[in-house]
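Reading through the structure tokens given below for one structure.
Residue numbers (the numbering used here): 532 to 826.
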């Protein structure tokens with residue numbers, strides 16, 4: 532370990548400036564960047580190019596790296612044959628509802644645990660975080676039993692958007708993220724609001740939420756992508772063709788649809804989430820890191 536200007540590094544700056552050390556450093560860095568880029572972009576490239584191939588070409592072994600005869604018509608066939616407009620609208624509708632429900636209820640829960648500090652608040656938070664240790668598959672059966680016969684009200688929620696929205700509301704991870712961010716907001720602002728006569732609800736609306744836009748954006752993106760990529764739960768609770776999500780709809784039509792058209796449909800379904808990530812990637816990182824250190 533070498534120390535230079537107060538910064539400790541594995542390799543000293545003097546070694547990096549030498550000919551051999553500089554060559555080794557940049558070679559390793561280039562190899563690592565290229566390998567990880569191929570790992571992450573490889574599946575996307577296969578999807579986009581596979582959707583341009585013919586049925587025979589996409590099924591051949593070994594697979595071709597480039598489409599021999601590009602067929603952009605596959606995307607048009609996927610859009611019309613699988614009724615992707617309806618499937619995308621359903622998914623967007625469910626995702627929007629999930630975002631609104633989580634922002635309202637998870638923010639309220641995190642605000643209560645962070646600033647109002649109820650009795651046994653730490654115990655409640657600990658029990659919430661303990662649910663993260665439970666595999667999601669274990670919860671499928673009790674959640675499904677609850678959906679087909681909602682306790683007290685005895686309502687069947689199959690083919691209802693509430694079957695997707697309600698299980699997503701109690702999200703322990705999002706509540707923890709929001710609480711950590713709220714913890715970083717100075718108590719002096721809370722005290723000043725109390726002295727001005729603001730109620731806890733007014734403080735949340737006028738002070739906490741405006742300062743928490745980065746983490747609220749992260750929660751919104753996580754909620755939307757969770758609905759967009761989910762398959763098993765929407766397949767169970769949305770059996771009607773009119774209420775299917777895009778992932779369930781593509782699976783339902785895949786049996787009698789050529790593979791290249793199915794791949795084209797998968798590419799179209801993935802475009803919204805990729806666009807959201809590319810636009811808000813800086814907001815995601817800033818929201819996750821801001822508030823991680825209280826001060």
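Glycine is no exception: its CB is placed at the ideal position from the N, C-alpha and C atoms.
Which whole-angstrom value is the C-beta distance of residue i and residue j, which I expect to be below 8 Å?
{"i": "residue 667", "j": "residue 713", "result": "With a Cβ gap of about 26 Å, residue 667 and residue 713 do not count as contacting."}
{"i": "residue 613", "j": "residue 801", "result": "In fact, because the Cβ distance is near 14 Å, the residues do not count as touching under 8 Å."}
{"i": "residue 707", "j": "residue 660", "result": "6 Å"}
{"i": "residue 759", "j": "residue 788", "result": "Wrong, their Cβ atoms sit about 21 Å apart, outside the cutoff."}
{"i": "residue 676", "j": "residue 688", "result": "Contact doesn't hold; Cβ gap of about 11 Å is too wide."}
{"i": "residue 731", "j": "residue 647", "result": "6 Å"}
Excluding sequence positions up to five away, which residues of its chain have a Cβ less than 7 Å from the Cβ of residue i?
{"i": "residue 621", "result": "774, 775, 776"}
{"i": "residue 791", "result": "581, 582, 584, 585, 586, 589, 605"}
{"i": "residue 742", "result": "716"}
{"i": "residue 617", "result": "none"}
{"i": "residue 781", "result": "613, 793, 796, 797, 800"}
{"i": "residue 750", "result": "633, 634, 637, 705, 708, 709"}
{"i": "residue 669", "result": "none"}
{"i": "residue 703", "result": "659, 660, 662, 663"}
On the three-state DSSP scale, how would you describe residue i?
{"i": "residue 713", "result": "helix"}
{"i": "residue 762", "result": "coil"}
{"i": "residue 810", "result": "helix"}
{"i": "residue 592", "result": "coil"}
{"i": "residue 648", "result": "coil"}
{"i": "residue 687", "result": "coil"}
{"i": "residue 748", "result": "helix"}
{"i": "residue 599", "result": "coil"}
{"i": "residue 558", "result": "helix"}
{"i": "residue 583", "result": "coil"}
{"i": "residue 629", "result": "helix"}
{"i": "residue 614", "result": "coil"}
{"i": "residue 769", "result": "coil"}
{"i": "residue 702", "result": "coil"}
{"i": "residue 492", "result": "This structure cannot speak to residue 492, because the chain is shown only from 532 to 826."}
{"i": "residue 788", "result": "coil"}
{"i": "residue 776", "result": "coil"}
{"i": "residue 605", "result": "helix"}
{"i": "residue 665", "result": "coil"}
{"i": "residue 536", "result": "Because the pLDDT at residue 536 is just 47, under 50, the model does not fix this residue reliably, and the value given afterwards should be weighed accordingly. The answer is coil: DSSP assigns residue 536 none of H, G, I, E or B."}
{"i": "residue 708", "result": "helix"}
Given residue i, which residues of its chain have a CB within under 6 Å of its CB, disregarding the five upstream and five downstream residues?
{"i": "residue 778", "result": "762"}
{"i": "residue 710", "result": "641, 644, 645"}
{"i": "residue 699", "result": "629"}
{"i": "residue 610", "result": "none"}
{"i": "residue 656", "result": "644"}
Please work out which residues of its chain come closer than 8 Å, Cβ to Cβ, to residue i, disregarding the five sequence neighbours upstream and downstream, and give them in chain order.
{"i": "residue 639", "result": "735"}
{"i": "residue 806", "result": "none"}
{"i": "residue 740", "result": "638, 747"}
{"i": "residue 652", "result": "643, 644"}
Fill in: Contact the segment 623 to 635 vs the segment 753 to 766: 3+ CB pairs below 8 Å
yes
Worksheet item: With a cut-off of 8 Å, do at least 3 Cβ pairs link the segment 720 to 735 to the segment 651 to 671?
Response: no
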